[in-house]
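Numbered per mature numbering (1 follows the signal peptide of the UniProt record, and there is no 0), the sequence shown spans residues -17 to -1, 1 to 762.
What follows is a set of notes on a single structure, which appears directly below.
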Amino acid sequence: MSQLPIFTALTLPGVSALPSVNCMQWTGDGQLVVLTKYAVYILTPDVGIHVEPSTAAKRTLDVENAPNISRPVKWVKTMIEYEKALLHQWPADCQEWGAVSLGSLDTALRIAAPSPSGLNSNSGSVIAVLNSNMELTIWGPVKNLLKGEWTKLRDMTVELRNSESIPTLVKTLQAQIICIGWSPQADFGLSPAPSLDGSLLAAGNRAGNVTFYRLRIGADGSYEFCRVATTHISDNWINQLAWSSWNAVHPGTCQAFLACGSPDGSVSVVEVIQTLDSTSSDARFITEYYLKEIINVKDGAICHSDGRNVTGMKWIDATGRNPILVYCKPGMLHLWSGLSLAGGWSGPRAINLRTQKVSVGASALCPASGISYITHSDTLVVSLSDGSFHVIHQFSTAPSLNSVSYGDSLTSERLTAAARNAFVKVEPEPPLFWDVNRINGMASYDDSATYVWIHESCRPTDFSYKYDAKHVSMFVMARLWVGPSDEEVLRDLSERIMSAKAAAGQGPISLLRPTFLHLLDSERLSRLRTKLLELVQRSQPLEDLVQIVVTPCTAELTPQVRYDFRRSLFTHLFGWDVVLRQRMRLKVAEFCQEHSEESQERGMFMQAANYLSSTIWHHVLLTIIRHVRAILSISTLHDAPFIRRVIAQASHSSCPSILVKEADDLSMKLSSVSSEGDHLNLDELCPACHAVLPLPDTSTAVCPNGHVWARCCITSFILSTPMVRTCVGCGQKAFLSPSQATTNQMWLPEPVRRSWLVQDLLGATRRCPLCASSFVALV
């Protein structure tokens, strides 16, 4: 037990949190959202990201107990600072007793619901935040999602209060939101995945209704929420919501379930079905879709009123069967699953939790603070706020607290003892039996043995008042039992790569987070070198797997045509599953190259990374060329310089034959529609000394006088301006999208500033074209 490593222990002074299974949630950008009483912390592990070491906060204890860890895990931190001032006075709307808001006496945050990745202007996540005064707001990053400012994008309560004309009390109760939940991104089973938002924000209110919203980003960059549907669930408040993942029923149609809990203990399930219908477009670069939703409340509640409040809910995706709903009540763990064609148990199950006396405040009646599922062992891990862990074995077949096949390696008692041991190590003063390690939130880091949680040391026998500034929480990342073997790490990595879906919107950094943690062990990395090389090299050329079909445009150049053009570009650049898997292999090769200790190993992984990056770049060039062919009839003279740059890059001897042929065809068509004056020199001038800079190297430019310039990873033009964005995954840089810049466009090179084609390419490429990670603006 003493040899289990503690990777991180961060002290958070003046911070307290309320126990909740949603206190800690991972986003599709690989960030951990930690909900506290007065702020939302957004923490990003520095494993696999490209940031300056000085920006990462850390405090790690007992490093000597982790001999296999080359370095501790550091975290980049930012936060949403929520103002405690009340923005909405409910008595001004309605003075009925039913509309009284007791949460206005001491305003605190209750729920934070991160959206899927890809919804904001930087193709990242936004966060819906609900406070105790039932005010719902939407927050997003301004420039830098890792360590920059997050601002309020939308005040949803304003819209809710000004909604339809209905009786005042009913209108107020419908505007008073009690709980929220944001669904994952919908997967319609299409390839490439359409560039549209299929996620839904569900909001449960005091009137017993659940309203579904969808985020829309306007042409001016503003955020709008469209009401999709409202359904009545109960005559009581709705205070718990939990989404399942989406299941593609057949191509173009997907299904998900929303569980709704009420304070009286009843639980209902709502079935949500979304269908894609194609729509006409003047541009028709790619098939455009619009969404149709069908929302059904299943007949009867799956759990009727029993007077015991639900303290936490979560859907679990077990292999080969329908999703299983887990919901916690004091002293009990409830499970429910619908009928499955694949067999297995269905209906309700109930498991009595046992008190584990590790401190004076131990009790199985405490609320749940975390629910995690381990796929490879079919095990469910539940944490309670008293600091105890409870393990459910054979979860998908015959759920039970009693271990059958794992003996003493994975039991409730061992996990609880390991968490208590970590608590003793990280606290500045030795805890006693009277000190409770109150765990307010828990989540799995690697879907296996490593967990993150936030705890606070407290003494239930001490009845003295502790003011807010005196509360001290601790953020801990530790391993609670022996981690996976080498074979399990390889198998998990292979499964992650082969099951990656572009429709989910997750980047490689988020998908590979567990693997990167295990490969920090230099000895393990050396042992797995050969098999890792085989894994990253196990791929076919992308041009043999991806069919990029772009319908030529016959319309005139209009804002709608440009919008459709950007959507088509984004779809083909980031919508293919096989390309995402290639990018994941690239990230693994680059990570292994960076952390290998032997020069021979680094050389082999560097060679693999170079090959993977070349194939991805060839896909990007092919995508651009086919889109240029589709708009050649509406291109202008100012687009010709960039088109010839693309042709020159695609004609390189290292490019595959299909790309060279496409470049030759495009060059002939361009010559037939352009004048002789368009055959411009592709060389640029050094911004410092005006010497000629040749194009051959598309990553950097070196002039004869030794000046070195980075090139835009999207357009290949020289970056001689601070108005750039940086990839958090590989450090590649690109021009800011013109729509993101707050000043005029004079900072852009003239060929970029005058070409609508280049500007739309910059706008469409919201992620890094090489590794599909998010961009951040550092200036």
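Here a beta-carbon is modelled for each residue, glycine too, at the ideal position from N, C-alpha and C.
Chain-order list of residues whose beta-carbon lies under 8 Å from that of residue i (same chain, five-residue window excluded)
i, result
"arginine 291", "Gly248, Lys312, Pro313, Met315"
"phenylalanine 416", "Ser342, Val343"
"glutamate 526", "His601, His602, Leu605, Pro639, Ile641, Leu642"
"leucine 518", "Leu473, Leu476, Ser477, Ile480, Arg568, Val571"
Reference residue i; option with closest CA among the options
i, options, result
"serine 456", "Gly11, Tyr21, Cys536", "Tyr21"
"serine 509", "Asn423, Pro467, Ser579", "Ser579"
"serine 258", "Val250, Val252, Gln238, Gln583", "It should be pointed out that residue 258 corresponds to threonine in this sequence rather than to serine. For the residues Val250, Val252, Gln238, Gln583, the minimum Cα distance to threonine 258 belongs to Gln238."
"tryptophan 122", "Ala212, Asn114, Arg137, Asn385", "Arg137"
"valine 153", "Asp218, Ile256, Trp730", "Asp218"
"proline 542", "Gln590, Ile617, Leu1", "Ile617"
"arginine 479", "Leu563, Phe557, Leu119, Asn404", "Leu563"
"asparagine 105", "Leu495, Leu88, Leu719", "Leu719"
"alanine 400", "His373, Val211, Ala381, Phe446", "His373"
"leucine -6", "Pro411, Met567, Ile161, Arg93", "Pro411"
"serine 637", "Ala671, Thr619, Asn593, Gly31", "Asn593"
"alanine 91", "Ser115, Asp76, Ser84, Leu70", "Ser115"
"isoleucine 181", "Arg189, Ile599, Gln168", "Note on identity: in this sequence residue 181 is glycine, with isoleucine being the wrong assignment. For the residues Arg189, Ile599, Gln168, the minimum Cα distance to glycine 181 belongs to Gln168."
"alanine 212", "Pro(-13), Ile200, Val253, Arg189", "Val253"
"alanine 572", "Thr433, Tyr448, Pro491", "Pro491"
"lysine 484", "Ala347, Ile(-12), Gly11", "Gly11"
"serine -2", "Phe458, Phe446, Ile626", "Phe458"
"residue 768", "Trp226, Ser108, Pro234, Trp220", "Residue numbering for the chain in the displayed model covers -17 to 762; residue 768 lies beyond these limits and cannot be assessed."
"serine 431", "Val409, Asp445, Leu476, Tyr448", "Leu476"
"glycine 746", "Gln715, Leu552, Tyr196", "Leu552"
"arginine 566", "Tyr356, Glu271, Arg521, Asp547", "Arg521"
Contact check, residue i vs residue j, beta carbons under 8 Å
i, j, result
"isoleucine 701", "leucine 605", "no"
"threonine -10", "methionine 425", "no"
"alanine 486", "alanine 755", "no"
"alanine 623", "leucine 653", "yes"
"serine 738", "glutamine 632", "no"
"isoleucine 697", "leucine 744", "yes"
"leucine 363", "isoleucine 299", "yes"
"leucine 503", "valine 4", "no"
"threonine 554", "serine 174", "no"
"asparagine 305", "glycine 321", "yes"
"arginine 189", "leucine 156", "yes"
"serine 96", "isoleucine 163", "It is alanine, not serine, that sits at residue 96 in the sequence shown. It is a contact, given that the beta carbons lie within the stated cut-off."
"leucine 516", "methionine 587", "yes"
Close Cβ partners of residue i (< 6 Å) along its chain, the five nearest in sequence each way excluded
i, result
"glutamate 439", "Arg421, Ser456"
"isoleucine 216", "Gly191, Val193, Cys243, Ser251"
"leucine 274", "Gln257"
"histidine 71", "Glu118, Thr140"
"arginine 267", "Thr534"
"serine 366", "Ser352, Gly353, Phe372, Ile422, Met425"
"cysteine 441", "Val419, Arg421"
With 16 other Cβ atoms within 10 Å as the buried cut-off, status of residue i
i, result
"proline 467", "buried"
"aspartate 170", "buried"
"glycine 660", "Note that glycine 660 has pLDDT 46, beneath the 50 cutoff, so the model's placement of it is unreliable and no number is given."
"tryptophan 80", "exposed"
"tyrosine 24", "buried"
"threonine 151", "exposed"
"cysteine 77", "buried"
"isoleucine 149", "exposed"
"proline 50", "With a pLDDT of 42 at proline 50, under the threshold of 50, the modelled position of that residue is not reliable, and no figure is offered here."
"threonine 619", "exposed"
"threonine 394", "buried"
"proline 673", "Before going further, note that residue 673 is histidine rather than proline in the sequence given. It counts as exposed."
"glycine 370", "buried"
"serine 108", "buried"
Residues near residue i by beta carbon distance below 7 Å, same chain, minus five either side
i, result
"proline 2", "Pro350, Ser352, Ser368, Asn423"
"alanine 452", "Gly(-4)"
"lysine 514", "Leu473"
"valine 529", "Trp559, Val561, Val562, His602"
"serine 596", "Leu569, Leu753"
"isoleucine 630", "Ala646, Leu649, Ser650"
"leucine 761", "Asn127, Thr709"
"histidine 662", "Low confidence applies here, because histidine 662 scores a pLDDT of 46, under 50, leaving its location unreliable; read the following figure in that light. Nothing meets the Cβ criterion."
Unbroken stretches of the beta strand (DSSP E), 3 residues or longer, contained in the segment 335 to 395: 351 to 357, 362 to 367, 372 to 375
Continuous alpha helix (DSSP H) assignments of at least 4 residues falling wholly in the segment 128 to 184: 139 to 144, 151 to 158
Length-filtered (3 minimum) beta strand (DSSP E) runs lying within the segment 657 to 719: 683 to 685, 691 to 693, 707 to 710, 716 to 718
Minimum length 3: unbroken beta strand (DSSP E) runs contained in the segment 431 to 507: 433 to 441, 455 to 462
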